[in-house]
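Asker: One structure, pasted below without further comment.
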Amino acid sequence: MKVIIVGGGIGGLAAAVAFHQRGLQVEVLERAAEFTEVGAGLTVQPNGLRALDALGLGERLRVGGLADPLAGIRGSRGDWLVRNDVDSLKRRFGPWVTVHRAALVDLLRAAVPPEALRPGIDVQHVQPDGTVRHGGGTSTADLVVGADGVHSVTRRSLWPGLPGPRYVGYTTWRLIVPPQPVEGSAETWGRGERFGHVPMPDGRIYCYVMANAPAGSHVGLDELRERFARWHRPIPALLDSAQEEAVLQHDTYELPRLPTYVSGNVAVLGDAAHAMTPNLGQGACQALEDAVTLAHAVDTLGVRAGLEAYDRARRPRTQLIVRRSRQAGAAAHWTSTPMTTLRDAVLPLLPNVLFDRSLTPAYTWTI
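Residue numbers (our numbering): 12 to 378.
This is the structure in structure tokens:
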């Protein structure tokens with residue numbers, strides 16, 4: 012039995028590992044010239060680690076990569092708006108790990124036979140019968156997995172009449188800066204903008220910035236420094252230590268709900284199925300869950316019944332996470348001064364149980 016996987020990112024490589032471990036022939040078609048990741052830091056949350064455990068790879072990330080969950084949310088002057096009980100979160104749900112995205116891609120790629128990896132292949136069309144047309148010709152398989160991201164060719168091929176990704180109104184910058192002292196992971200909210208920092212195992216700091224902006228706009232490092240110069244420490248120092256070439260900017264998209272994740276002998280997973288805002292940090296974790304669940308279902312039930320089981324298991328869950336992620340970051344992007352003043356006054360008064368309810372569904376997944 013042969014599986015073609017379109018896309019060699021985290022979700023696609025995880026699917027390749029899962030199917031290969033079950034004895035299936037896999038072929039991964041990746042548009043880029045090599046299998047790598049250009050991104051910055053990544054926090055793998057407890058559910059993502061459990062998915063990696065199912066692939067036998069979780070422990071390799073834990074060695075030297077253990078991290079704390081988000082300590083909470085601050086206002087731009089440094090006052091705490093939300094304070095998480097970090098120790099309680101780890102006791103209840105398990106460990107968190109912070110890595111460079113490229114390190115996770117390398118870990119997954121090394122678990123796939125080299126002959127199964129085909130870089131530089133531009134997929135042009137996918138048919139429900141398992142036929143894939145690409146720049147190198149045509150390939151066929153018993154099962155095709157579309158793991159080709161938010162602008163997925165697989166998804167457009169199968170459902171050409173459905174709406175595509177929608178811009179959510181803010182853009183995101185990601186960067187890694189040299190080692191310096193910070194007090195754990197935290198996020199800071201202003202008016203229509205926010206800043207987060209996450210310590211990495213090697214001492215460097217992964218930073219992310221989100222701000223309301225028209226789609227396609229570009230803002231350089233100097234403007235970011237000016238924009239956040241009066242925010243609380245260590246935000247100005249983190250930006251001052253950054254290098255322009257280390258800053259990655261991407262507009263933020265969300266995928267409208269798909270009525271199904273499968274068509275014929277084809278399934279979509281990860282951002283191709285349910286691209287979400289990064290507010291809960293669940294994008295990569297949900298892709299890992301998808302990959303493990305899909306391979307388990309197909310191996311247990313066969314292609315058609317396995318795809319139906321995959322769709323039943325994954326669509327309600329991932330669409331819930333998409334919705335929760337959108338809601339989690341909405342108040343950070345308010346621009347009205349009265350509304351943000353009210354937000355900053357009310358958030359510290361809310362009981363932690365409200366925030367726990369939004370997190371628990373994400374962290375408690377098991378295969």
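Heads up, the beta-carbon is just placed ideally off N, CA and C, and yes, glycines get one too.
Where do the N-terminal and C-terminal ends of the alpha helix (DSSP H) with A82 fall, by residue?
Answerer: One-based indexing of the sequence shown puts residue 82 at position 71. Segment: none, A82 is in no alpha helix (DSSP H) and carries neither H nor E.
Asker: Kindly identify the DSSP beta-bridge partner or partners of K13.
Answerer: Counting from 1 along the sequence shown, the entry for residue 13 is found at position 2. Q36, per the DSSP bridge assignment.
Asker: With 16 other CB atoms within 10 Å as the buried threshold, where does D355 fall?
Answerer: Numbered from its first residue, the sequence shown carries residue 355 at position 344. Buried: at least 16 other Cβ atoms inside 10 Å.
Asker: When you compare each of A343, T182 and A302 to E265 by their alpha carbons, which one comes out closest?
Answerer: Here the question's residue 265 lines up with position 254 in the sequence shown. Looking at the Cα atoms, T182 is the closest of the given residues.
Asker: Could you have a look at G23 and say whether DSSP puts it in helix, strand or coil?
Answerer: Here residue 23 corresponds to residue number 12 of the sequence shown, with the count starting at 1. Note: G23 maps to helix in three-state DSSP.
Asker: Excluding the 5 residues flanking G340 on each side, which residues of the same chain have their C-beta closer than 7 Å to its C-beta?
Answerer: Along the sequence shown, one-based indexing puts residue 340 at 329. So the qualifying residues of the chain are T288 and N290.
Asker: Nearest to E255 by CA position, among P192, L299 and V188, is which residue?
Answerer: Indexing the sequence shown from 1 puts residue 255 at position 244. Answer by Cα proximity: V188.
Asker: Return the CA-CA distance between L232 and A82, expressed in angstroms with no decimal places.
Answerer: For this step, residue 232 is matched to residue 221 along the sequence shown. For this step, residue 82 is matched to residue 71 along the sequence shown. Computed Cα separation, rounded: 26 Å.
Asker: Okay, do the stretch 42-58 and the stretch 109-119 touch, 3+ Cβ pairs below 8 Å being the bar?
Answerer: Flag = yes, the stretch 42-58 and the stretch 109-119 touch.
Asker: Within this structure, are the beta carbons of L250 and R236 separated by less than 8 Å?
Answerer: Within the sequence shown, numbered from 1, the residue matching residue 250 stands at position 239. Within the sequence shown, numbered from 1, the residue matching residue 236 stands at position 225. Cβ atoms of L250 and R236: closer than 8 Å.
Asker: Examine the Cβ distances between the stretch 72-79 and the stretch 130-140 and report whether three or more of them are shorter than 8 Å.
Answerer: Flag = no, the stretch 72-79 and the stretch 130-140 do not touch.
Asker: Apart from the five residues just before and just after L185, which ones in its own chain have a Cβ nearer than 7 Å to its Cβ?
Answerer: For this step, residue 185 is matched to residue 174 along the sequence shown. According to the sequence shown, residue 185 is Arg rather than Leu. Closer than 7 Å at Cβ, skipping near neighbours: G50, A51, Y219 and L259.
Asker: What does H261 pair with, by DSSP beta-bridge criteria?
Answerer: Residue 261 sits at position 250 when you count from the first residue of the sequence shown. According to DSSP, H261 bridges with T183.
Asker: Between R120 and L60, what straight-line distance do the alpha-carbon atoms span, to the nearest angstrom?
Answerer: Here residue 120 is taken as the residue at index 109 of the sequence shown, counted from 1. Here residue 60 is taken as the residue at index 49 of the sequence shown, counted from 1. Their backbone Cα atoms lie some 17 Å apart in a straight line.
Asker: Counting C-beta neighbours from all protein chains within 10 Å, is the total for E300 16 or more, i.e. buried, or is it exposed?
Answerer: Along the sequence shown, read from residue 1 onward, the residue named residue 300 stands at position 289. Flag for E300 reads buried.
Asker: Which residues in the same chain as T151 place their Cβ atom closer than 6 Å to its Cβ, once the five residues preceding and following it in sequence are excluded?
Answerer: Against the sequence shown, residue 151 aligns to sequence position 140. Correct list, in chain order: G141 and T142.
Asker: Roughly how many whole angstroms lie between the Cα atoms of L169 and L280?
Answerer: As a first step, residue 169 is located in the sequence shown; it is residue number 158 there, counting from the start. As a first step, residue 280 is located in the sequence shown; it is residue number 269 there, counting from the start. One C-alpha to the other measures close to 13 Å.
Asker: With a cut-off of 8 Å on the beta carbons, I'd call R205 and M221 a contact; round off their distance for me.
Answerer: Stepping through the sequence shown from its first residue, residue 205 is reached at position 194. Stepping through the sequence shown from its first residue, residue 221 is reached at position 210. About 5 Å separates the two Cβ atoms, so the contact holds.
Asker: With the cut-off set at 8 Å, would you say R439 and A278 are in Cβ contact?
Answerer: The shown model of the chain, from 12 to 378, leaves out residue 439, and the question about it has no answer.
Asker: Here's a check: name, in chain order, each residue in its chain whose Cβ is nearer than 6 Å to the Cβ of A343, leaving out the five neighbours to either side.
Answerer: As a first step, residue 343 must be located in the sequence shown, where it is residue number 332. Closer than 6 Å at the Cβ level, and outside the excluded window around A343, lie W200 and R205.
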